[in-house]
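Participant:
In full-length UniProt numbering, the protein residues as written are 1 to 203.
(1) With the cut-off set at 7 Å, would you say residue 45 and residue 61 are in Cβ contact?
(2) Near residue 204, which residues of its chain fall below 6 Å by C-beta distance, leaving aside the five closest residues on each side in sequence?
(3) Could you tell me the distance, in whole angstroms, from the CA atom of residue 157 to the CA atom of residue 149?
(4) Under a Cβ-count criterion, where at least 16 other Cβ atoms within 10 Å of its own Cβ denotes burial, should residue 196 be classed as buried or exposed?
(5) Near residue 172, which residues of its chain fall below 7 Å by C-beta distance, leaving aside the five closest residues on each side in sequence?
(6) With DSSP as the reference, label residue 102 as helix, strand or coil.
(7) Using a threshold of 6 Å, is the CB atom of residue 160 nearer than that to any non-hydrogen atom of the ligand GDP?
(8) If you check the beta carbons only, do residue 170 and residue 159 fall under 7 Å apart?
(9) Tell me which residues share the same chain as residue 93 and place their Cβ nearer than 7 Å to its Cβ, disregarding the 5 neighbours each side in the sequence.
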């Protein structure tokens with residue numbers, strides 16, 4: 001299989017790497033090219049595409065759901081869905097916009113399916129800190145953050161995760177969620193106010 005017509009990628013151990021950094025828009029161009037190859041049945045291109053985004057897929061799911069097990073399930077569901085859904089990706093938007101919309105929708109579906117009321121399990125605690133007291137404080141802080149995040153309305157949580165935690169712009173967040181930039185700003189403001197009110201004891 002040759003990839004000579006694609007962006008500056010080199011194969012190494014079954015993976016494609018960028019030959020040199022610097023060209024603006026390279027990530028988007030590479031995603032679009034890989035998606036096109038994968039849409040045509042190129043499994044290697046699909047694996048590379050997933051490898052580029054697997055971490056963020058999982059991270060968004062974890063931040064939306066607050067539960068490692070559910071986040072892993074959603075990440076796997078997204079990856080499976082992508083193989084068939086790529087036929088519908090026409091490049092009208094950035095690949096990441098299209099992908100994150102799928103992830104967020106999957107998270108919302110998972111939240112509707114959830115029967116548990118607790119947003120956190122023991123695997124969500126951070127690694128051990130310097131001592132028992134530090135670990136206990138860190139554990140309580142993580143619980144507080146996840147509980148407050150889980151208490152946010154799903155619309156506010158989606159905006160908070162994408163804009164505040166994942167670093168998307170207002171425009172990108174709006175595109176993923178299918179809302180206006182004004183709506184993004186409004187939901188973000190309400191989410192921040194709730195977080196501040198609920199977490200003020202930790203500041």
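All C-beta atoms in this analysis are idealised placements derived from N, C-alpha and C, irrespective of residue type, glycine included.
Facilitator: Quick look at the numbers:
(1) For the pair residue 45 and residue 61, the CB atoms are not nearer than the 7 Å cut-off.
(2) Lying before the first or after the last residue shown, residue 204 is absent from the chain, which here runs from 1 to 203.
(3) One C-alpha to the other measures close to 7 Å.
(4) That one is exposed.
(5) 97.
(6) In the three-state reduction of the DSSP assignment, residue 102 falls in the helix class.
(7) You won't find the ligand GDP in this model; it holds no ligand whatsoever.
(8) Here residue 170 is not near residue 159, since their CB atoms are 7 Å or more apart.
(9) The beta carbon of residue 93 lies closer than 7 Å to those of 175 in the same chain, with the five residues before and after it left out.
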